[in-house]
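Top to bottom, those sequences are chains A and B. Residues in the first sequence are numbered consecutively from 1, following our numbering. Residues in the second sequence are numbered consecutively from 1001, following our numbering. Even glycine gets a Cβ: it sits at the ideal position worked out from N, Cα and C. Model, not experiment: these values are computed from the prediction. Worksheet: one structure, shown below.
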Amino acid sequence: AQSVTQPDIHITVSEGASLELRCNYSYGATPYLFWYVQSPGQGLQLLLKYFSGDTLVQGIKGFEAEFKRSQSSFNLRKPSVHWSDAAEYFCAVGAMEYGNKLVFGAGTILRVKS
Amino acid sequence: NAGVTQTPKFQVLKTGQSMTLQCAQDMNHEYMSWYRQDPGMGLRLIHYSVGAGITDQGEVPNGYNVSRSTTEDFPLRLLSAAPSQTSVYFCASSYSLSGTGSRGYTFGSGTRLTVV
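Shown next, in the form of structure tokens:
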């Protein structure tokens, strides 16, 4: 069965430091991938997505992610974190072969130290 | 503002009660879905619809019912509430089933449901 793993439940970084959030998936098909962000009490907002083409994708708020097929990964990065980036981040994966239904990871909570 | 509107934002139910969570979108999206969010489990798909009159089950459909009579509305019904249904519920819509459009899935702000 398809699955999405976000190995880190919590991550704490200092403001201005770089960030990498990990996402690994297990799919028997060519996936398309998303990163969403959720602020407390809010719905999810799309940060970026990948479904074909250049494996390095740029998103909103200065985030980027790189699709690595050989490693089944889609890690999210930001070179310099701002206090307003504190939130929960979700990786999601889908595939046409699985009815295009998205499977979400369990989420990573990002805390930013000032 | 265009988007997905969920009501109510908060609800407390007693075990065995029924209720309907409302979801409406004004973006003319064909695809709508309901998720539940539980700590440490991410979002799990309950039911989804690919257009008016068409619905299908997701990963965790038991205890929930849906219908889609219009493009705009996609209500979620809890038939007989149980404490295991205590969760945060999100409605989402997209112009495509795959969500690969420019905005991906648009999510509502959620309904926090407690069943006692």
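(1) Drop a sphere of 10 angstroms on the beta-carbon of R1068/B, count the other beta-carbons inside from all chains shown, and report buried for 16 or more, exposed for fewer.
(2) With a 10 Å radius around its C-beta and 16 neighbouring C-beta atoms as the bar for buried, classify R1036/B as buried or exposed.
(3) Under 8 Å between C-beta atoms, does Q42/A make it to chain B?
(4) Are the region 1003–1016 of chain B and the region 1036–1049 of chain B in contact at 8 Å, needing three or more beta carbon pairs?
(5) Report, in whole angstroms, the separation of the C-beta atoms of V1060/B and R1077/B, which I expect to be a contact under 8 Å.
(6) Using the DSSP secondary-structure output, state which residues sit across from R1112/B in a beta bridge.
(7) Which one of W35/A, A29/A, I11/A and G28/A has the shortest CA to CA distance from C91/A?
(8) Would you kindly work out how many angstroms separate the C-alpha atoms of H10/A and D1073/B, rounded to a whole number?
(9) Applying a beta-carbon distance threshold of less than 7 Å, which residues of chain B neighbour F104/A?
(10) Between Q71/A and the rest of its own chain, which residues show a CB-CB distance below 8 Å, the 5 nearest in sequence each way excluded?
(11) Kindly provide the ranges of any beta strand (DSSP E) runs that are 3 or more residues long and lie completely inside the region 1036–1084 of chain B, ordered along the chain.
(12) Could you tell me the distance, in whole angstroms, from the CA atom of S84/A to the CA atom of R22/A?
(13) Which residues mark the beginning and the end of the beta strand (DSSP E) in which C1023/B is found?
(14) Check each candidate in M1019/B, T1020/B and Q1025/B and name the one with the smallest Cα separation from T1070/B.
(15) So for G94/A, helix, strand or coil by DSSP?
(16) Relative to the C-alpha of Y1095/B, which residue among T1007/B, H1029/B and S1049/B is closest?
(17) Helix, strand or coil for I60/A per DSSP?
(18) Label K1009/B either buried or exposed according to how many other C-beta atoms from any shown protein chain fall within 10 Å of its C-beta, with 16 as the threshold for buried.
(19) May I ask you to list, following chain order, the residues of the region 1079–1093 of chain B that have a beta carbon less than 7 Å from some beta carbon of chain A?
(20) Within a Cβ cutoff of 6 Å, which residues of the same chain sit near R77/A, ignoring the five residues on either side of it in sequence?
(21) What are the partner residues of Q38/A, as DSSP defines its beta bridges?
(22) Report the residue from V93/A, G28/A and K113/A whose alpha carbon sits nearest the alpha carbon of G107/A.
Concretely, from the data shown:
(1) By the neighbour-count rule (16 or more Cβ atoms within 10 Å), R1068/B is buried.
(2) Residue environment analysis places R1036/B among the buried positions, since at least 16 neighbouring C-beta atoms fall within 10 angstroms of its C-beta.
(3) Q42/A counts as touching chain B.
(4) With a cut-off of 8 Å, the region 1036–1049 of chain B and the region 1003–1016 of chain B do not count as touching, because too few Cβ pairs lie within range.
(5) Between V1060/B and R1077/B a beta carbon distance of about 15 Å is seen, past the 8 Å cut, so the two are scored as non-contacting.
(6) BP columns for R1112/B point to F1010/B and V1088/B.
(7) Ranking W35/A, A29/A, I11/A and G28/A by Cα distance to C91/A puts W35/A first.
(8) H10/A and D1073/B: Cα-Cα distance of roughly 36 Å.
(9) From the beta-carbon of F104/A, the residues of chain B found nearer than 7 Å are G1042 and L1043.
(10) Here the set comprises N24.
(11) List check, beta strand (DSSP E) in window: 1042–1051, 1054–1057, 1064–1066 and 1076–1078.
(12) Approximately 20 Å between the Cα atoms of the pair.
(13) From DSSP, the beta strand (DSSP E) with C1023/B extends over M1019 to Q1025.
(14) Nearest C-alpha to T1070/B: Q1025/B.
(15) In the structure shown, G94/A sits in a strand (DSSP, three-state: E or B).
(16) For Y1095/B, the nearest C-alpha among the options comes from H1029/B.
(17) Helix, per DSSP.
(18) Exposed: under 16 other Cβ atoms inside 10 Å.
(19) Listed in sequence order: F1090.
(20) Same-chain partners within the cutoff: E20 and E64.
(21) Beta-bridge pairing links Q38/A to L44/A and E88/A.
(22) Nearest of V93/A, G28/A and K113/A to G107/A, Cα basis: V93/A.
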